[in-house]
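Residue numbers (the numbering used here), protein chains in the order written: chain A, 254 to 597; chain B, 11 to 616; chain C, 357 to 664.
Single-structure report; data block below.
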Amino acid sequence: MEGKQELAYFILKRIAVSLLVILGTIVIVFLISHYLSRDPAALWAGPKARPSTIAAVIKRYGLNEPIWVQLYDFIKDFFTGNFGTDPVTGLSISSEVFFYFPNTIELVLTSLLIIILSGVGLGYVAAINFGTRKDAIIRIIYTAAWASPTFLVSILAVIVFSSYLPLFPSSGMYSPTIIPPARITGMFILDSLIGLNFGDFVDGIYHLILPAFTLAFLNFGIITRISRNGILGVKWLPYVKSARARGLDEKRVNRHHILRNGLIESNTVIAVMFGWLVTGDVIVEEIFSWPGIGKFAYSAISGDDYPVLIFIVITFTILVIAANLIADIMYAALDPRIRLGGSE
Amino acid sequence: MKSSVIAIIVVVIALILIASAVGIYVVDHNNTAAKTTPQTLVVEESQYPDSLDPAVTFTTPGWEIMNQVYQGLVAPNGTSETTFVPVLATNWSISSNGMNYTFYLRHNVTFSNGDPFNAYVMWFSLYRTMTMNQAPEFILGQNMATNNTATNNTFNITPTILNQINYTSPNSTDIQIMGNVKQSVQVVNPYELTIHLGYGYNGYLPFNQFLMTLTTPMAAAVDPIVVEANGGVVAGQTNQYMSGNAIGTGFYKISAIVPSQSITLVENQNYWGKNLPQNQLNDAISPPHIKYVAIEYKPASAIISDLKGGKAQIVEAPVTDYSTLNAIKGITVKLLPIQFGSSQNSYFVYMDQLNSSFENIDVRMAVTYAINYTGIINSVYGGHAVQWIGPVPPGFEYYNQTISGLSPYNYDPALAAQDLNKAGYRSVLPNQTVLKGIRFPTLNFLYDSDSSSQISAAQIIQQNLAAIGINVTLKGLPFPTYTSVVFGLASNSTQYPIGINFYTEDYSASIDYVSALADGYYNGTSDYYNSTVFNWSVNASTSFNDTAIAQNLTYITHAMYANYSMAWLYVPYFMSVNANDVTGMIPNTAGSGAGYFMYYNTVQFT
Amino acid sequence: MKPFLRTSLRIVLRNKLSASGLFIILFFASIAILYIILGNRLLPYNPLRINLSDANSPPTFSHLFGTDQLGRDIFSRIVAAIPIDMGLSIFIVFASALLGLFLGTIAGYFRGIAEEIIMRATDLFFAFPPLIMSMAIAATLGPSLVNAAFSIIFVWWPPYVRLVRGSTLQVSTSDFITMSKVLNTKFSKILLKGILPNIATTLIVYATMDIGTAMLTLSTLGFLGIGIPVYQPELGLMSSVLTTTLYTHPLEGLIPAFFIFIIVMGFSLIGEGMAEVIDPNIRSHLFSRRRRLEEMGKSKDAEAKTPF
């Protein structure tokens, strides 16, 4: 029972610390954006705005108040769920972000799935064939994929798979003419499944394939390498040897122990990568016109729309911290050595 | 991980893949089927609308949606910018002094949700736009206002009044307020509306382009019941619901919105124009031929790819893609008459005469003659642009009269160097001889960093200026920041005494350009003009005599030309691009559909 | 440690992957250094020189890679861009590593409150979405190479703190350090002689790989037109024409993008090879396999030699 208590204590401590970090993030992001954006009122009022319109914008968003007052108002609003109005589009920020975010999650989760499957699988194949040509080829491929600039691969993907070989749509999340399913999770594919709307489901997958594979192709290298290294390491660990000595079937030893330990190594990185992918897909979303949070952030940056930017950065941060938290907990759950003290 | 778990995962994925493969086949099959009985027009462009509220939106893609979903009193007649056809008004008359416009409204008009339209609704819509006071409000605000409390105090339409009136069956107090003759908008009876000019920024003066301002979304009929159910009217503020939804009287209504990706329009089944007899219809109000219009917003490379693949019928593309698009089979690519280019972008280099460097006319002459106009036109636009002399844009009314006797500034670096030296500065002749003098200070040169053509043009101009001895530091700003600086609204506008600016129309009239450019609303342009120029532009906007208008505009053009106030650059052509299986597009500079035509109702598949 | 370095270098060079990576990097580095020393004299054309009459031309003998929209020679611009991209990326990683070294050793050695504060601050900066924060900061600060570098360093340093702290922790428990503590040696001496040599290898391996990532981020900023002055030869900025000239002059954008790929590939290959050396699992695997092969070879020879 002691192990469980320690685990619980560990989890609580990590959660408390994470909350503190989130609060710190909010303060820092807010201050940075206010410092960096000196004269947003004229931008938000729109092109050719009259001075009276600009004055109204300043009044509405309290832009003339001292920074501490604005920060206090912001934190108060944030924790009461009032995320304000997007000054550029006039829509409520929460509605916009809650529209765009699940779309990115859908894209990233699908890519992550492809990455895990292919990465662990290829890592396994590479490790088994250590030192041979197969191993080298796999390593060259994933190094090359990882070294490719995102925009290059995305544009090439569009040219090859959408223009020359008209297999997939060049952009978008689903056809504009279909009727979308009821929004439950916000993720189009999931919602179509839940609503048993297979036409929409297929349309969504059809649009998802190219961007998801592009994102996966660019990022599968890290997982492959880690799983490969993890498996190679594990092969020689004493308990694997002892399992062999006990006469366990070679194949079962391979799959069971090696994969599990390969996965441990990968799983922390996966959690971290999740946060990394979500932000790294700005270019993919831009080129595939995927209505996700990356594209939205880019347009917010160009439009000096800092209320939106603050909200996006904070949401990301919360997500990454949450992902790290989960990774830490999983790590602790899988590996008893971590729980029993001694930090990373 | 148990082997059985892996097996399950693999099986699930295989099932999904098989389902997708089947689905893709089915979807493709449907697509080809759709082609034989076309129900959907696919339009593709790059910029997403800024807002769906007709009182707020100020971009071409925004107005594109507005023109299909909302309607106003009148519309431009086909391709004309000077004559108008009835839409929500069947008939109108103008008083002899040009100050009062009376409109007789159409009966039996409803919004797409069934709500009624009448003069009260129009009264509400116009005052709503002015109360919200967003950026495009001035289009109405030139001639109308919500109150005159500062002068005679005969009317004061407050948001409270707007929000409390029942527009379907108003009570006697409401009718009294709306019927007051001493206000901008007066309801004479439920189907008669009179607009009294003179309460706006222009003062008590007529405005010969007033009807054109009424064709803009600012003057569209908005459903008060919808507005009141979603936050009402608030002074100086946008409305969250109206920014993301549009309920109008138009022939299309919104079917689906995927923010930043696409907006789909569907034929309005309750459209009032469906039951009109043929002789009462015109191109602005006839019911649509095509049931769905899917407008997709994607980057240029994806647009070209879709055009090639036959997935899009009408696209908007920059004129720099002219040769690429021309090479695609089954596509018609046309350079529209130059006024379409003018309505989109008329470029010039501005010089702030309040900045000591540009006070001297010789310096301005030097800058003007140093620029390689044809070089920029050829390398940046592939030759598809025309040099112009402003402020009246090429192709617009009166342009030819205003420029008679003048020729566009020419590229003469020798003359430029001499003029620069005359002002006392060190300059360099084309043969590398140095004319002694003090060094010209290094200034910031502003341009829009979101525009690839401006990026190239700015670099070329920088090199042109450096060749005669003027060194500028290129300062590119993203479009929103750039516009706030060029409008002199940002606090640091004086840091950019020179740069590229462009004019794009607010409404299709020469005076729109002239009042902005000549009367100095832009950064650095306000310093040369004086009461004489101002009087000329007032005359040009209030007179109903063609000769007088042309005369006054000519005075302005010649004054600016001799003053070297702006180095007029070029107007790029605007391209219309459509697949050969669609027809019926009616080009009008007031339009915004894929940039150049007003309404999608006339489009049909061949 | 020295024999370790020698063996590692040997392994890196013998491993074809990392050797080719090293070769690529040395090749481009020498081009960069040559350009820094000789300047534009090295090039056939001035990379900033606009020549409108010859714009958008495909590769010819006079212009090896063609010209861009303003008639500038792409080959010259690429050579001029290489030191910028490589140098700036190395600078970014170097600055981040330095910051990470400083904070990480303090955290790992002194523990306690200092460690808590430093690690929480690191968590905070680590949680920022890297590309978006860099974009936002660079966009607002304005286009200049210094701003671009700063905006990336802002989100780049946290992994180094973690790395250094982790290694410092491991090393701190060693006998050497404990003895030094007992003997009251100065911290700076412990740092230099005890801690640094042991974390140096991990740090160097990670940093080498990281230079490639930094370059990808830098060129992404350039591609989006953020943070890089518009006339600056920079590989990402030069590739940004891809979106518009894709169907007309694709090479204009593809060639700079390809160079980004090659250079980053070089760094990644080196990293691949070095990581293999560093990871003890693999090293033992490597060494033991070779031993096995040698032993097999010996026994075969022995068999062959035994007279029959």
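Virtual Cβ for every residue (Gly too), placed ideally from N, Cα, C.
Inter-stretch contact at 8 Å, needing at least 3 Cβ pairs: the region 387-406 of chain A / the region 578-598 of chain C | Contact holds: three or more Cβ-Cβ distances are below 8 Å.
Please list the residues of the region 550-582 of chain C that have a C-beta atom closer than 7 Å to any C-beta atom in chain B, keeping them in chain order.
-> Cβ contacts with chain B come from 581.
Rounded distance between the beta-carbons of residue 581(B) and residue 395(B), thought under 8 Å = By 1-based counting over the second sequence, the position of residue 395(B) is 385. By 1-based counting over the second sequence, the position of residue 581(B) is 571. Rounded, the Cβ-Cβ distance is 6 Å, consistent with contact.
Ends of the beta strand (DSSP E) at residue 103(B)?
-> Locating residue 103(B) in the second sequence gives position 93, counting from the first residue. Per DSSP, residue 103(B) belongs to the beta strand (DSSP E) from 99-104.
Leaving out five residues before and five after residue 648(C) in sequence, what residues of the same chain have Cβ atoms less than 7 Å from its Cβ?
-> Translated into positions along the third sequence, residue 648(C) becomes position 292. Below a pLDDT of 50, predicted positions are generally treated as unreliable, and residue 648(C), at 49, falls in that range; the measurement from the model is reported next regardless. Excluding sequence neighbours, residue 648(C) sits near nothing in its chain.
Does the beta carbon of residue 485(B) come closer than 7 Å to any beta carbon on chain A?
-> Here residue 485(B) corresponds to residue number 475 of the second sequence, with the count starting at 1. For residue 485(B), no Cβ of chain A is located within less than 7 Å of the residue's own Cβ.
Would you verify that the beta carbon of residue 309(B) is, or is not, closer than 7 Å to some beta carbon of chain C?
-> The count along the second sequence starts at 1 and reaches residue 309(B) at position 299. Contacts with chain C at 7 Å (Cβ-Cβ) include residue 309(B).
What's the gap between the Cα of residue 594(A) and the Cα of residue 263(A)?
-> By one-based count along the first sequence, residue 594(A) stands at place 341. By one-based count along the first sequence, residue 263(A) stands at place 10. Bear in mind that a pLDDT of 43 at residue 594(A), under 50, signals an unreliable position, so the model cannot answer this.
Can you name, in chain order, every residue of its own chain whose Cβ lies under 7 Å from the Cβ of residue 406(B), other than the five neighbours on each side?
-> Counted from its first residue, the second sequence places residue 406(B) at position 396. Non-local beta-carbon contacts of residue 406(B) in its own chain, meaning distances under 7 Å to residues more than five positions away in sequence, involve 349, 352, 520 in chain order.
Whole-Å CB distance - residue 460(C) paired with residue 521(C), under 8 Å assumed = Position 104 of the third sequence, counted from the start, is the residue given in the question as residue 460(C). Position 165 of the third sequence, counted from the start, is the residue given in the question as residue 521(C). Contact between residue 460(C) and residue 521(C) holds: CB atoms are separated by about 4 Å, below the 8 Å threshold.
Kindly indicate if chain C contains any beta-carbon less than 7 Å away from that of residue 562(A).
-> For the purposes of this step, residue 562(A) is taken as residue 309 along the first sequence, with counting starting at 1. It does; some Cβ of chain C falls within 7 Å.
Verify whether the separation of the beta carbon atoms of residue 257(B) and residue 244(B) is less than 7 Å.
-> Your numbering for residue 257(B) matches position 247 in the second sequence. Your numbering for residue 244(B) matches position 234 in the second sequence. If you check the CB distance, residue 257(B) and residue 244(B) do not come in under 7 Å.
Below-7 Å beta-carbon distance, residue 445(A) vs any chain D residue | Looking at the structure shown, chain D is missing, and the protein chains on hand are A, B and C.
Skipping 5 residues on each side, what residues in its chain have a beta carbon closer than 6 Å to that of residue 342(A)?
-> Indexing the first sequence from 1 puts residue 342(A) at position 89. Cβ within range, chain order: n/a, list empty.
Distance between residue 89(B) and residue 400(C) (C-alpha atoms, nearest Å) = Numbered from 1 along the third sequence, position 44 holds the residue referred to as residue 400(C). Numbered from 1 along the second sequence, position 79 holds the residue referred to as residue 89(B). Approximately 54 Å, taken between the alpha carbons.
DSSP-derived helix/strand/coil call for residue 465(C) = Looking up residue 465(C) in the third sequence gives position 109. Taken through DSSP and simplified to helix, strand or coil, residue 465(C) comes out as helix.
Three-state secondary structure (DSSP) at residue 592(B)?
-> For the purposes of this step, residue 592(B) is identified with residue 582 of the second sequence, where counting begins at 1. The answer is strand: DSSP assigns residue 592(B) an E or B state.
Write down every uninterrupted run of the alpha helix (DSSP H) in the region 330-401 of chain B whose length is 4 residues or greater and which is fully enclosed by it, in chain order.
-> Uninterrupted alpha helix (DSSP H) stretches at least 4 residues long and entirely within the region 330-401 of chain B occur at 332-336, 348-354, 366-369, 371-380, 383-391, given in chain order.
Start and end residues, beta strand (DSSP E) containing residue 576(B) | In the second sequence, residue 576(B) corresponds to position 566, counting from 1. The continuous beta strand (DSSP E) containing residue 576(B) extends over residues 576-578.
Proximity test, Cβ basis, 7 Å: residue 478(B) and chain C | On the second sequence, position 468 is the one that residue 478(B) refers to. Taking Cβ atoms only, chain C never reaches closer than 7 Å to residue 478(B), which makes this a no.
Can you tell which of 488(B), 490(B), 471(B), 492(B) has its C-alpha closest to the C-alpha of residue 482(B)?
-> To locate residue 482(B), count along the second sequence from 1; it is residue 472. For residue 482(B), the nearest C-alpha among the options comes from 471(B).
Starting from residue 329(A), trace the alpha helix (DSSP H) both ways and give me its first and last residue.
-> Numbered from 1 along the first sequence, position 76 holds the residue referred to as residue 329(A). Element bounds for residue 329(A): 320-332.
Counting only the same chain and skipping the five closest in sequence on each side, list residues whose C-beta sits under 6 Å from that of residue 605(C).
-> Walking along the third sequence from the start, residue 605(C) turns up at place 249. The beta carbon of residue 605(C) sits closer than 6 Å to those of 412, all from its chain and outside the five residues before and after it, given in chain order.
Per DSSP, residue 126(B) is paired with what?
-> Position 116 of the second sequence, counted from the start, is the residue given in the question as residue 126(B). Residue 126(B) is bridged to 120(B).
Closest to residue 560(B) by CA distance: which of 573(B), 98(B), 546(B) is it?
-> As a working mapping, residue 560(B) is identified with position 550 in the second sequence. Answer by Cα proximity: 546(B).
For residue 628(C), return the contacting residues in chain A, with the cut-off set at a CB-CB distance below 7 Å.
-> Taking the third sequence and counting its residues from 1, the one referred to as residue 628(C) is at position 272. Going along chain A in sequence order, the residues near residue 628(C) (Cβ under 7 Å) are 392, 396.
Cβ contact check for the region 562-580 of chain A and the region 480-490 of chain C: 3 or more pairs under 8 Å | Flag = yes, the region 562-580 of chain A and the region 480-490 of chain C touch.
In chain order, each alpha helix (DSSP H) run of at least 4 residues that lies wholly inside the region 401-477 of chain A | Segments of the alpha helix (DSSP H) lying fully in the region 401-477 of chain A: 403-411, 441-447.
Which residue's Cα is closest to the Cα of residue 57(B): 542(A), 546(A), 557(A), 334(A)?
-> Position 47 of the second sequence, counted from the start, is the residue given in the question as residue 57(B). Closest by alpha carbon: 542(A).
Using beta-carbon positions only, say whether residue 325(B) and residue 338(B) come within less than 7 Å of one another.
-> Translated into the one-based positions of the second sequence, residue 325(B) becomes position 315. Translated into the one-based positions of the second sequence, residue 338(B) becomes position 328. The answer is no: Cβ separation not under 7 Å.
Could you tell me whether any Cβ in chain B is nearer than 7 Å to the Cβ of residue 604(C)?
-> The residue you call residue 604(C) lines up with position 248 of the third sequence. At least one CB of chain B lies nearer than 7 Å to the CB of residue 604(C).
Within 8 Å of chain A by C-beta, residues of the region 482-516 of chain C in sequence order = The region 482-516 of chain C vs chain A, Cβ under 8 Å: 482, 483, 484, 485, 486, 487, 488, 489, 491, 492, 493, 495, 496, 497.
Between the region 583-597 of chain B and the region 500-511 of chain B, do three or more beta carbon pairs fall short of 8 Å?
-> In this structure the region 583-597 of chain B does not lie against the region 500-511 of chain B, because fewer than three pairs of beta carbons, one per stretch, are closer than 8 Å.
Beta-carbon gap between residue 466(C) and residue 619(C) smaller than 7 Å = Translated into positions along the third sequence, residue 466(C) becomes position 110. Translated into positions along the third sequence, residue 619(C) becomes position 263. With contacts defined by Cβ atoms closer than 7 Å, residue 466(C) and residue 619(C) do not form a contacting pair.
Other residues of its chain near residue 272(B): CB distance less than 8 Å, five sequence neighbours each side excluded = Stepping through the second sequence from its first residue, residue 272(B) is reached at position 262. Take residue 272(B), set aside five residues on each side of it, and the residues of its chain with a beta-carbon closer than 8 Å to its own are 266, 304, 305, 306, 307, in chain order.
Any alpha helix (DSSP H) of 4 or more consecutive residues that is wholly inside the region 156-231 of chain B = The DSSP assignment places complete alpha helix (DSSP H) segments of no fewer than 4 residues inside the region 156-231 of chain B at 169-174, 182-189, 220-223, in order along the chain.
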